[in-house]
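**Student:**
Protein chains: 2
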Amino acid sequence: MGTLPNKVTPRTNPMFQALLLASGSEIRAQMLRAAGLEVTTENPRIDEDLVKAALLQENASPRDIADALAESKARKVSARHPDQLVLGCDQVLEFNGQVFSKPTTLEDASAQLHQLRNNRHRLLSAAVLYEGAEPVWRHVGQARLMMRDFSDDYLDDYLSRNWPDVASSVGGYKLESEGIRLFSRIDGDHFTILGLPLLELLNHLALKGAIPA
Amino acid sequence: MGTLPNKVTPRTNPMFQALLLASGSEIRAQMLRAAGLEVTTENPRIDEDLVKAALLQENASPRDIADALAESKARKVSARHPDQLVLGCDQVLEFNGQVFSKPTTLEDASAQLHQLRNNRHRLLSAAVLYEGAEPVWRHVGQARLMMRDFSDDYLDDYLSRNWPDVASSVGGYKLESEGIRLFSRIDGDHFTILGLPLLELLNHLALKGAIPA
Chain A
1 MGTLPNKVTP RTNPMFQALL LASGSEIRAQ MLRAAGLEVT TENPRIDEDL
51 VKAALLQENA SPRDIADALA ESKARKVSAR HPDQLVLGCD QVLEFNGQVF
101 SKPTTLEDAS AQLHQLRNNR HRLLSAAVLY EGAEPVWRHV GQARLMMRDF
151 SDDYLDDYLS RNWPDVASSV GGYKLESEGI RLFSRIDGDH FTILGLPLLE
201 LLNHLALKGA IPA
Chain B
1001 MGTLPNKVTP RTNPMFQALL LASGSEIRAQ MLRAAGLEVT TENPRIDEDL
1051 VKAALLQENA SPRDIADALA ESKARKVSAR HPDQLVLGCD QVLEFNGQVF
1101 SKPTTLEDAS AQLHQLRNNR HRLLSAAVLY EGAEPVWRHV GQARLMMRDF
1151 SDDYLDDYLS RNWPDVASSV GGYKLESEGI RLFSRIDGDH FTILGLPLLE
1201 LLNHLALKGA IPA
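Read top to bottom, the protein sequences are chains A and B. The first sequence lines up with residues 1 to 213 when you count with the working numbering. The second sequence lines up with residues 1001 to 1213 when you count with the working numbering.
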């Protein structure tokens, strides 16, 4: 009689946590928000090239490089916010055992796409969760992609239409726009291809009770 | 010397054809345009429920139903525009041999999602190309999806937040927004899940010379 029902709605339940995304890139924040999560972001400002170079010198695998970069970002931001659930992410492109970086010039992008043409490559998307400055969960998702044998003319036209938009992608392509036309086959989920193994992360957050299940 | 180079750019080459999409839905036109294709649309206005009911009575498989619906749409529009390349598409959800339709009420959507919960289902996305009022290419893409064992409370909240937005989807969910949280596993490409086997279509158009390759 006049008391509130003994039920809290998921939206206001204090047991559900906002996620702090250790990243300056917008695409992952958008993916998480599209899935209905509350997300804040903080750029960890780590020197990715330096970390990557050190790992390559130790003969780390592409998968380990993606995981280590994701962890570095989460660790750095978690140290500043130990009370929060912090997510670090990274994506690596592997071709013939070699790790590709984001192209910095149109010529770079063209050279990379020439190498990938008519060949298979892998995208590895790592996610690491930190809480209390400790890692509490990690996952590396994998997608396998096969490029078709497109013509030099098509590639030139593609880059003239899509550069510098594709400079933010490790392969120099975006599947969500004209980049799809470079491929003959894609095995792997779209979220991993976009740079975050979202399904596995959401399932973990639901199991953990961090989001409504 | 003052003559134009003997080269036509893909954008203005008259050998490349615009695609006439036999559909009133916006999502497929968006997917094709995102891939850089020129697309016009015309709604075939066929009675999908009638066609589906007739096919079900003949014990047609879910795959054949998707293909036949895609073909009906392409055929009808191609009869009016025999000079154009016409694309018909359809998507069917199959669960335990049963074909689901787009939910018309929130209660429908809730009943469907209760059935799909903690179970596997398939999405079948058919595409048929017509030219000169004849079918010239067809493909049915398939994706397999597994829903997690979400709570009744979560489902109620999900639908209160996402109805009627999800009414345009055969399953009552949209993976590109909160619908992703209903799943534990997804096998199949994103385009097939969105309702069009885009990769296979683009590869066919490139091989056929209808788009730059």
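Just so it is clear, CB atoms sit at the ideal spot from N, CA and C, and this is done for glycine as well.
Could you tell me which whole beta strand (DSSP E) segments of length 3 or greater appear in the region 48 to 104 of chain A?
**Tutor:** Entirely contained in the region 48 to 104 of chain A, the beta strand (DSSP E) runs reaching 3 residues are, in chain order, 85 to 95, 98 to 100.
**Student:** Would DSSP call residue 166 of chain A helix, strand or coil?
**Tutor:** Residue state, collapsed to three classes: helix.
**Student:** Going by Cα to Cα distance, which pick from A:24, A:43, A:90, A:77 is closest to residue 191 of chain A?
**Tutor:** When only C-alpha atoms are compared, the closest one is A:90.
**Student:** Going by C-alpha distance, which of A:35, A:18, A:151, A:72 is nearest residue 134 of chain A?
**Tutor:** Taking only the C-alpha atoms, the option nearest residue 134 of chain A is A:72.
**Student:** Taking all protein chains shown into account, do 16 or more other C-beta atoms lie within 10 angstroms of the C-beta of residue 159 of chain A, making it buried, or fewer, making it exposed?
**Tutor:** Residue 159 of chain A comes out buried.
**Student:** Taking buried to mean at least 16 other C-beta atoms within 10 Å of its own C-beta, is residue 1202 of chain B buried or exposed?
**Tutor:** Result: buried.
**Student:** Quick one: which unbroken beta strand (DSSP E) runs of 3-plus residues sit fully inside the region 101 to 173 of chain A? Chain order, please.
**Tutor:** 120 to 131, 134 to 147, all fully within the region 101 to 173 of chain A.
**Student:** Out of curiosity, what's the CA-to-CA distance linking residue 1016 of chain B and residue 1030 of chain B?
**Tutor:** Each residue's Cα considered, the two are about 19 Å apart.
**Student:** Is it right to say residue 189 of chain A is buried, meaning 16 or more other beta carbons lie within 10 angstroms of its own, or is it exposed?
**Tutor:** Burial call: buried.
**Student:** Report all residues from its chain with a CB closer than 8 Å to the CB of residue 40 of chain A; omit the five preceding and five following residues, and keep chain order.
**Tutor:** 18, 19, 20, 21.
**Student:** Kindly provide the ranges of any beta strand (DSSP E) runs that are 3 or more residues long and lie completely inside the region 169 to 199 of chain A, ordered along the chain.
**Tutor:** 183 to 187, all fully within the region 169 to 199 of chain A.
**Student:** If you measure from the beta carbon of residue 1036 of chain B to each beta carbon in chain A, is any gap under 8 Å?
**Tutor:** Chain A, which has a Cβ nearer than 8 Å to the Cβ of residue 1036 of chain B, makes this yes.
**Student:** Apply the 10 Å Cβ neighbour rule to residue 67 of chain A and answer buried if 16 or more other Cβ atoms are within range, or exposed otherwise.
**Tutor:** Label assigned to residue 67 of chain A: buried.
**Student:** Can you check DSSP and say which residues form a bridge with residue 207 of chain A?
**Tutor:** DSSP, once it has assigned bridges, lists no residue as partnering residue 207 of chain A.
**Student:** Please confirm whether residue 197 of chain A has its beta-carbon closer than 8 Å to some beta-carbon of chain C.
**Tutor:** This model lacks chain C altogether, as its protein chains are A and B.
**Student:** Quick one: what's residue 1021 of chain B bridged to in DSSP?
**Tutor:** Residue 1021 of chain B pairs with B:1041, B:1087.
**Student:** Of all the CB atoms in chain A, is at least one closer than 8 Å to the CB of residue 1150 of chain B?
**Tutor:** Yes - at least one Cβ of chain A is within 8 Å of the one on residue 1150 of chain B.
**Student:** Let me check understanding here. Comparing Cα to Cα, which of A:210, A:113, A:129, A:119 lies closest to residue 78 of chain A?
**Tutor:** For residue 78 of chain A, the nearest C-alpha among the options comes from A:129.
**Student:** Identify which residue in A:142, A:75, A:195 has its Cα closest to the Cα of residue 42 of chain A.
**Tutor:** Nearest C-alpha to residue 42 of chain A: A:75.
**Student:** Specify, as a first and last residue, the run of the alpha helix (DSSP H) that residue 1027 of chain B falls within.
**Tutor:** 1026 to 1034 is the extent of the alpha helix (DSSP H) around residue 1027 of chain B.
**Student:** Residue 176 of chain A and residue 1034 of chain B look like a contact to me (Cβ under 8 Å); what is the Cβ gap, rounded to whole Å?
**Tutor:** With 8 Å as the limit, residue 176 of chain A and residue 1034 of chain B qualify as a contact, their Cβ atoms being about 6 Å apart.
**Student:** Cutting at 8 Å between CB atoms, please list the residues of its own chain near residue 5 of chain A, excluding the five before and the five after it.
**Tutor:** Any reading at residue 5 of chain A must be qualified, since the residue scores a pLDDT of 41, below 50, and its modelled position is unreliable; the value itself is stated next. None.
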